[in-house]
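Student: Quick one: the structure is below, and I'll ask about it shortly.
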Amino acid sequence: MRLNHRPLRSGLALVAAATLVLAGCASSDRDGEGGSGGGSEGGGATGGDFVFAGSAEPVTFDPFFASDGESFRVARQIFEGLVGTEPGTADPAPLLAEEYDVSDDGLTYTFTLRDGVTFQDGTDFDAEAVCFNFDRWYNMPASAQSPDLTYYYGALFRGFATGETSGDAIYESCEAGDGVATVNLKSPFAGFLSALSLPAFSMQSPTALQKDQDDAAENPRQTTYSAGAPVGTGPFTFESFTPGENVTLVRNDDYWGDVAKVDRAIVVAIDDPTARADALRAGDIDGYDLVGPADLTALEGEGFTIENRPAFNVLYLGFNQKQKPLDDIRVRQAIAHAINLDEVVSTSLPEGTVKATQFIPDVVAGYNPDVTTYEYDPERARQLLDEAGATGATIEFNYPTGVSRPYMPDPEATFNILSTQLQAVGLEIKPTADQWDPDYLEKIQGTSDHGIHLLGWTGDYNDTDNFVGVFFGTEQPEWGFDNPELFGKLREARQIPTVEEQTPLYEEINEDVMEFLPGVPLAHPVPSLAFAPGVEGYTASPVQDEVWNAVTVEQ
Amino acid sequence: MIRFVLRRLALMVPVLLGLSILLFIWVRSLPGEGPARSLLGTRATPERIEAINEQYGFNDPLLEQYLRYVGSLLRGDFLSSIRDGKPVLDTFFDKLPVTVELSLAALLFAIVVGIPLGYVAARYQGRAPDTAVVSGSLLGVATPVFFLALLLKLVFANWLGWLPATFRQTPGIDATQVTGFAVLDGLLTREYDAAWDAVLHLLLPAIALGTIPLAIIVRITRASVAEVLQEDYVRTAESKGLRRRTVARRHVLRNAMLPVSTTIGLQVGLLFSGAVLTETVFSFQGIGSYLFQAISQRDYPVLQGYIIFIAIMYSLINLVVDLLYGVIDPRVRVST
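Shown next as structure tokens:
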């Protein structure tokens, strides 16, 4: 027998690889200590861990620099704002401010602060702390005044103390009194209180910020503070973050409100919805967000609890008017008439989904029950296409793959049904699929290289401008139209100091939009969460203002 | 010997250089607007994108960027991730234990189960056990890793509920890290609960990943044992009255193991690539899933660094193996 020297050589590669690797890794020593456990002291504590899965890891723990849902999810446990929301609704409600008062001109907001609240590091929560936070936001260094870092402040407060946008800034000053903080604005902003319910405007400990945060850092999302030492007033205290593993939060036993019932809240990231469902079934997690429509019935049948968030979103089919023949209103109307919404909803969206008639859900001010609607009428669609000379026209249809959003749980399925309906009235569809992040969003929102497309939006807080203003407030590559009249009306509406006064104008705007038809609003799908049978006390919120202090887990 | 080592090390230089050029061109030809847009998101202004491109030198001519990159490599600097700012080398060694532990567990499974099965098949050639093993291994080799992974999850985690379906360890478990190998750490620190927890989490991924190597090992062992069983020395050993077990151990298996060990060696590379899929299905945060994220985020330094580092590791391992080979088998000495 001839001795071949390959076998031994290759077999040994394994041993050598292991040795090399072991040697290389022996020096890698991370602190993997879990939580303290915490015992069971504290009001009504049931103890144990609550393990919750989102779809991605938080980007930062300083919510001021965040705009993603996963960062906000964790921030909501650690931090609180002056204003919260009524549980289960999108309406503003007192939180760290027990009361608030607005002057008639909409320029002065007086917040009466909750007494006896301290930050998790022992710092008192008082008017000075409130003003410290407002002033910090306003005085962000130039390097942080960019939408990718401070999107919400830039979009809602419109400008900073310095820089190009300073002229547009609506914040003027904050005065600290005894238990009262007064915030003065330069121009009215009807959505101010609602906006303050966003985690981005949470109250953070001035002591901790001064010690560990550097807003001027090259990446203020990754400083000592924002990567591992955030301090707020919420029911959970930050304990640790191991990238790729989890975020561990422990109960804040000194919390001013209802002390959390579980010892620890552990947040993990599983990007695939099916893998999240599997993890729940296997008992690896206690609950998860963004349940895929395909898993809903199955999970419910297996005894898991499904919690639905009231729909506070819109899924739409957008038109890029830079692409012919979409610039022709008759073609846009034809597409609207070609769509059978009942079929779209029943075949591709979860149960409970409401058909949309406009770009806002009905709980938002300015919802107009009498807007122009486009009934399913394929004959009319064909006629309109014929009039426009667009029969048989080829239309690019962009849709994302490998993603489920609360407003778009299964884009492939929605695309399929819409595509069939459009072909039925004589349009040629050229499908273009892209990976969601970053390709799809980049293409749709950043370039003109797309035709009709699926996209949507979940409202951040209850404000009409947060829907229609976001979509149609300025000329944008997504829509490819310039409509100064619409832009002007939206600008005007934003300046009106109260919601009551804004409402008629927004109703008018919603009608204008549906006549102009920049896209077809399709539906308000119901986003769902799923929990193991032993989990109780989770209140779903339309704006995802879900704090876990009431959650109990049967151990 | 030293000359041999030096020559081999010198040979690595052109290989790595060639790889670095190919890699450099490949990562820059990924579609999209590059790492700045992925990092900053769709809300970023063109100015911010420009600033990041400027900061990382992405606006410079490609050749200049490449030379600068090679320069930093030569200084031992593998740069830092654009996405999370962490040094590429640090995250690599942080995540390497996850992937290696999984691969080793899979290999262990394949060897421990595969060799006895192959032996049994050869012993009972043409009979029922043989047919069962051969058809089983055909099925094993034909089943894609991710499909088997999902199937195992479905049956053992979801239906039967015997084993966990996700993560390396139960989230939030109190486990001290020493080496980064979860099972080993649990044993070293006497946190036996944590070690056991890690073993349970490893079972399904290791079986999923180890099934293809298992099937191959079974088939090679079977063929090799069958061949050795025909040798004169086996017949002699048997006819002089040695017990069957002794013959099997001393004469058959020992000689049959040479081609099997070749196969095992060849599986190491395959295991690493299969680990990427397995890590994704079971939410293990190893090198594979990080590399996957780096592709979608266009994180150039991570992509370049990880792949080059894997290549260096492989080259070094190969070299060490060649040297060890000479030590173990005196008939094959390094001749230079």
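First to last, the protein sequences are chains A and B.
Counting in this note's numbering, the first sequence runs from 585 upward without gaps.
Counting in this note's numbering, the second sequence runs from 1486 upward without gaps.
We treat Cβ as the ideally placed atom computed from N, Cα and C, and that holds for glycine.
Mind listing the chain A neighbours of Gln1770(B)? Cutoff is C-beta to C-beta under 8 Å, in chain order.
Tutor: Pro827, Gly828, Glu829
Student: Return the CA-CA distance between Gly616(A) and Ala1667(B), expressed in angstroms with no decimal places.
Tutor: Because the pLDDT at Gly616(A) is just 33, under 50, the model does not fix this residue reliably, and the value given afterwards should be weighed accordingly. Approximately 11 Å between the Cα atoms of the pair.
Student: Let me see if you follow: with CB-CB separation under 8 Å, is Ser1622(B) close to chain A or not?
Tutor: no
Student: What are the residues of the region 865-882 of chain A that lie near chain B, defined by any Cβ-Cβ distance shorter than 9 Å?
Tutor: Arg865, Ala866, Gly867, Asp868, Ile869
Student: Could you run through the region 834-859 of chain A and flag, in chain order, every residue whose CB is less than 7 Å away from some CB of chain B?
Tutor: Arg848, Ile850, Val852, Ile854, Ala859
Student: Against Thr1651(B), what residues of chain A qualify as contacts under a CB-to-CB distance less than 9 Å, listed in chain order?
Tutor: Ala637, Val852, Ile854, Ala859, Arg860, Asp862, Ala863, Ala866, Asp868, Ile869
Student: Using the beta-carbon of each residue, which ones in chain A are nearer than 8 Å to Lys1638(B)?
Tutor: Asp862, Ala866
Student: Look up Gln907(A) in the DSSP assignment and say whether it is helix, strand or coil.
Tutor: coil
Student: Using the Cα positions of Asn1133(A) and Ala659(A), report the straight-line distance between them to the nearest angstrom.
Tutor: 13 Å
Student: Does Asp633(A) come out as helix, strand or coil in the three-state DSSP assignment?
Tutor: strand
Student: Scan the region 1526-1594 of chain B and note each continuous alpha helix (DSSP H) run of 4 residues or more that stays entirely inside, going in chain order.
Tutor: 1531-1540, 1547-1559
Student: Counting only C-beta atoms, is Gly1695(B) closer than 8 Å to chain A at any point?
Tutor: no
Student: What residue range does the alpha helix (DSSP H) around Ile662(A) cover?
Tutor: 653-662 is the extent of the alpha helix (DSSP H) around Ile662(A).
Student: Could you name the residues of chain A that Ala1642(B) contacts, counting a contact when the two beta carbons are closer than 9 Å?
Tutor: Asp862, Ala863, Arg865, Ala866, Gly867, Asp868
Student: Would the C-beta of Asp798(A) count as close to the ligand ZN, meaning under 7 Å from any of its heavy atoms?
Tutor: No copy of the ligand ZN occurs in the structure displayed, which carries no ligand at all.
Student: What are the boundary residues of the beta strand (DSSP E) that Pro678(A) is part of?
Tutor: In this chain, the beta strand (DSSP E) harbouring Pro678(A) covers 676-678.
Student: Is it buried or exposed, Met992(A), if we count other Cβ atoms within 10 angstroms and call 16 or more buried?
Tutor: buried
Student: What would DSSP say about Phe695(A), mapped onto helix, strand or coil?
Tutor: strand
Student: Going by other Cβ atoms of all chains shown within 10 Å of its Cβ, with 16 needed for buried, is Pro1601(B) buried or exposed?
Tutor: exposed
Student: Pairs of beta-carbons, one from the region 887-903 of chain A and one from the region 1492-1506 of chain B, closer than 8 Å: are there three or more?
Tutor: no
Student: Taking the straight line between their C-alpha atoms, what separation do you get for Gly1118(A) and Glu756(A)?
Tutor: So the two alpha carbons sit approximately 49 Å from each other.
Student: Does the beta-carbon of Trp1063(A) have 16 or more other beta-carbons within 10 angstroms, so that it is buried, or is it exposed?
Tutor: Trp1063(A) should be labelled buried.
Student: Would you list the one or two residues that DSSP bridges to Ala1114(A)?
Tutor: Tyr872(A), Ile890(A)
Student: Between the Cα of Gly1140(A) and those of Tyr983(A), Phe741(A), Pro1081(A), Asp752(A), spot the shortest distance and give me the residue it belongs to.
Tutor: An answer regarding residue 1140(A) cannot be provided, because it is not within the stretch 585 to 1139 covered by chain A.
Student: To test your reading of the DSSP string, which unbroken alpha helix (DSSP H) runs of 4 or more residues are found completely within the region 910-986 of chain A?
Tutor: 913-922, 925-932, 962-971
Student: Gly1621(B) lies in the alpha helix (DSSP H); which residues open and close that run?
Tutor: Residues 1613-1627.
Student: Among residues of its own chain, excluding the 5 on either side of Pro804(A), which ones have a beta-carbon nearer than 6 Å to its beta-carbon?
Tutor: Phe649, Ala728
Student: How would you write the range of the alpha helix (DSSP H) that Ala1634(B) sits in, first residue to last?
Tutor: 1630-1637
Student: Arg966(A) CB to nearest chain B CB: under 8 Å?
Tutor: Taking Cβ atoms only, chain B never reaches closer than 8 Å to Arg966(A), which makes this a no.
Student: Would you identify the three-state DSSP class for Ser781(A), choosing helix, strand or coil?
Tutor: coil
Student: Quick one, which of Leu1501(B), Ile1697(B), Ile1506(B), Val1512(B) has its alpha-carbon nearest Lys1787(B)'s?
Tutor: The residue you asked about is not Lys; residue 1787(B) is Val in the sequence shown. Closest option to Val1787(B), Cα to Cα, is Val1512(B).
Student: Give a yes or no on whether the minimum CB-CB distance between Asn803(A) and chain B is below 8 Å.
Tutor: Chain B, which has a Cβ nearer than 8 Å to the Cβ of Asn803(A), makes this yes.
Student: Check for me: the alpha helix (DSSP H) holding Ser1505(B) runs from which residue to which?
Tutor: 1487-1513
Student: On the premise that Asn1094(A) lies in contact with Asn952(A), defined as a C-beta separation below 8 Å, what is that separation, rounded to the nearest angstrom?
Tutor: 4 Å
Student: Can you find a C-beta in chain A that's less than 8 Å from the C-beta of Arg1735(B)?
Tutor: Put simply, the CB of Arg1735(B) is far from chain A, with every gap to its CB atoms at 8 Å or more.
Student: Under three-state DSSP, which class holds His1034(A)?
Tutor: coil
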